[in-house]
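S.K.:
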Amino acid sequence: MRFLTYSDFGFAARLAALYGAIFVMNGIQLPFLPVWLKAKGLDPQAIGLVLAIPMVVRVFAIAGAARAADRYDAVRASIAVGCCASVLCYALVGASEGVVAIAVAYTFASLVVAPVVPLTETYALRGLSLRGKAYGPVRLWGSAAFIAGSFAAGIASDVMPARDLIWLIVAATAVMAITAFTLEPLSPHAPHSEAAGARKSLLRDPVFLAVLAAASLIQSSHAVYYSFSALAWRASGLDGSTVAGLWALGVIAEIVLFAFSSRLPPALTPPVLIMIGGAGGLLRWGAMAFDPPVALLPWLQLLHALTFGTTYLGALIFVARRARPGQGATAQGYLAVATGLATAGATGLSGQLYAAFGARAYAAMALAAVAGGACALIADQLGRRMPR
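My numbering puts the first residue of the sequence shown at 13, with every later residue one more than the last.
1. So does the stretch 142-150 actually touch the stretch 345-365, counting three or more Cβ pairs closer than 8 angstroms?
2. Let me know the secondary structure DSSP gives Gln339 once reduced to three states.
3. Assuming Pro127 and Ala89 are in contact, meaning their beta carbons sit under 8 angstroms apart, how far apart are those beta carbons, in whole angstroms?
4. With 16 other CB atoms within 10 Å as the buried threshold, where does Trp311 fall?
5. Would the stretch 337-346 and the stretch 121-138 be scored as touching if the rule is three or more Cβ pairs under 8 angstroms?
6. Cβ of Ala24 within 7 angstroms of any heavy atom in the ligand GTP?
7. Quick check on DSSP: helix, strand or coil for Arg143?
8. Taking 7 angstroms as the limit between beta carbons, can you name the residues of its chain near Ala391, skipping five residues before and five after?
9. Between the stretch 26-40 and the stretch 156-163, do at least 3 Cβ pairs fall closer than 8 angstroms?
10. Below 8 angstroms between beta carbons: does that hold for Val87 and Leu198?
11. Going along the chain, which residues of its own chain have a beta-carbon closer than 7 angstroms to the beta-carbon of Phe193, five neighbours each way excluded?
12. DSSP state of Met172, grouped into three classes?
13. Starting from the C-beta of Ala174, find all residues in its chain whose C-beta is less than 8 angstroms away, skip the five residues before and the five after it, and write them out in chain order.
14. Please check the pair Leu180 and Ala189, which I expect to be a contact at CB under 8 angstroms, by giving their CB distance rounded to whole angstroms.
15. When you compare only the Cα positions, how much space is there between Gly209 and Arg83?
16. With a threshold of 6 angstroms on Cβ separation, who are the neighbours of His316 within its own chain once the five nearest residues in sequence on each side are excluded?
17. Go ahead and label Gln364 buried or exposed: buried means 16 or more other beta carbons lie within 10 angstroms of its beta carbon, across all protein chains shown.
18. Using CA atoms only, rank isn't needed, just tell me which of Glu109, Ser239, Ile65, Gln231 is closest to Lys370.
19. If you draw a straight line from the C-alpha of Tyr102 to the C-alpha of Val182, how long is it?
20. Gln382: which of Ala121, Gln393, Leu325, Ser233 sits nearest, CA to CA?
21. With DSSP as the reference, label Ala210 as helix, strand or coil.
22. Among residues of its own chain, excluding the 5 on either side of Ala271, which ones have a beta-carbon nearer than 8 angstroms to its beta-carbon?
23. Who are the near neighbours of Phe44 in its chain, counting only those whose CB is closer than 7 angstroms to its CB and skipping five residues on each side?
24. Based on Cα-Cα distance, which residue from Ala117, Leu258, Thr191 lies nearest to Gly32?
25. Report the option in Gly249, Asp85, Gln57 whose CA atom is closest to the CA atom of Val111.
26. Does the Cβ of Arg453 have 16 or more other Cβ atoms within 10 Å, making it buried, or fewer, making it exposed?
27. Grouping DSSP H, G and I as helix and E and B as strand, with all else coil, what is Phe193?
28. Take the Cβ of Gly360 as the centre, count every other Cβ of all protein chains shown within 10 Å, and call the residue buried at 16 or more, exposed below.
29. Taking 8 angstroms as the cut-off, decide whether the C-beta atoms of Val105 and Ala80 are in contact.
30. With H, G and I counted as helix, E and B as strand and the rest as coil, what does DSSP make of Glu133?
31. Run through DSSP, which three-state label would Cys387 get?
32. Which whole-angstrom value describes the C-beta separation of Gly293 and Thr254, a residue pair presumed to lie in contact below a C-beta threshold of 8 angstroms?
33. To the nearest angstrom, how far is it from the Cα of Val236 to the Cα of Ala299?
34. Alpha carbon to alpha carbon, what distance is there between Ala307 and Gly357?
35. Would you mind working out which of Leu195, Pro66, Trp245, Val99 sits nearest Thr185, comparing C-alpha positions?
36. When we look at the beta-carbon of Met398 and count the other beta-carbons within 10 Å, is it buried (16 or more) or exposed?
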């Protein structure tokens, strides 16, 4: 039996700090970058164009960075480089004027920051596994930081000019860079020749592909919720604080799941966790399609622990276990790209569906969640016949 040392706790604490910094930045950027863009004089069409950039460039950035990190066994160094470059690029965004300049600067910022999360997941799963520590209790600090960042930025937006909000993001990326340099080194992998052969087989693994499809479908089923829930709830008479509280409740449910993830029974294998996420999506989005009363919304928000949480955990753990030494970052990169592309497509479709059907658009999201659950079932059956 191996006892945890002080350095083990130091590893987890430094990693939790990095997760916190990353998701504080996300908690500021997601709600308030559009506010800053509007304050810079961009119209809704231009704002939509600028915000769509990450959905395109992340595909190339994540794939390239993940393969390079695996090839040179440099996951930790790649995280630090991405975080440092993010500081410079977001500062360039803040200094830019005009649609073209802002779009170009934000493109560079998106290119360098997009790989940070999947690379951090690779670092976390590999390092925590070596130390016998669970992933969820460390990752939950990122979810908590997202809530804190959103509320802090919301308070700041009431007391500072909207044109200065970008500097909150720059400050958050600076903290990301500082915490990235505190990460402990990982032990080296196997020789690169073995890793290269392993990488070639990754996209020919039907079990791996089935899990990618499952996770992508279920995560993309959040598109209507992410894009229109706040607008719909405000239109129905809920104030901003109530809307923020409902969103926070979903993230809190996710945090609780991560906190207790190490105590989940062995029967809840990664494919089963993803299937649970699909079932949660059927229940959650099916209910949302009927425009439920306000009293039911908090209970539906608690299902975020399933629709997002179990799907996220199941896919992440499966990919980490399925990947061979030297292909961990590449595997996480494929997962991030697949999920990102599916979510981008679903987000574009959600606008058309919501405009035509209103809350009934959630019915399409329920179908996507069911399809994802079916793919997870296929992965589970294939995995029993085709172990790695």
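Yeah, the Cβ is synthetic: ideal placement off N, Cα and C, and Gly gets one too. Computed from a prediction, not measured in an experiment: that's the story for all the values here.
M.R.: Walking through what the data contain:
1. As far as the Cβ criterion goes, the stretch 142-150 does not touch the stretch 345-365, which means the pair count is below three.
2. coil
3. Wrong, their Cβ atoms sit about 12 angstroms apart, outside the cutoff.
4. exposed
5. yes
6. In the structure on display, the ligand GTP does not appear, and there are no ligands present to speak of.
7. coil
8. Val219, Ala222, Val223, Ala226, Pro283
9. Cβ pair count under 8 angstroms is three or more, so yes.
10. yes
11. Ala92
12. coil
13. Val47, Trp48, Lys50, Ala51
14. That pair is no contact at about 15 angstroms.
15. Confidence at Gly209 is low in this model, with a pLDDT of 47, below 50, so the placement of that residue should be treated as unreliable; the coordinate-derived value is given next. When rounded, the distance between both Cα atoms is 11 angstroms.
16. Gly262, Ala265, Glu266
17. Around the beta carbon of Gln364, fewer than 16 other beta carbons sit within 10 angstroms, so the residue counts as exposed.
18. Lys is not the amino acid found at residue 370; the sequence shown has Gly there. The shortest C-alpha separation from Gly370 is found at Ser239.
19. 6 angstroms
20. The amino acid occupying residue 382 in the given sequence is Val; Gln does not appear at that position. Out of Ala121, Gln393, Leu325, Ser233, Ser233 has the C-alpha closest to the C-alpha of Val382.
21. Because the pLDDT of Ala210 is 46, which lies under 50, any placement of that residue in the model is unreliable, and the number read from its coordinates should be weighed accordingly. DSSP places Ala210 in helix when its eight states are reduced to three.
22. Gly148, Pro149, Leu152
23. Ala165, Ser169, Leu177
24. Looking at the Cα atoms, Thr191 is the closest of the given residues.
25. It is Gln57 whose Cα lies nearest to the Cα of Val111.
26. The structure shown does not extend to residue 453, since the chain is modelled only from 13 through 400, so no value can be given for it.
27. coil
28. exposed
29. no
30. helix
31. helix
32. Actually they do not touch by this definition, with Cβ atoms about 24 angstroms apart.
33. 13 angstroms
34. 32 angstroms
35. Val99
36. exposed
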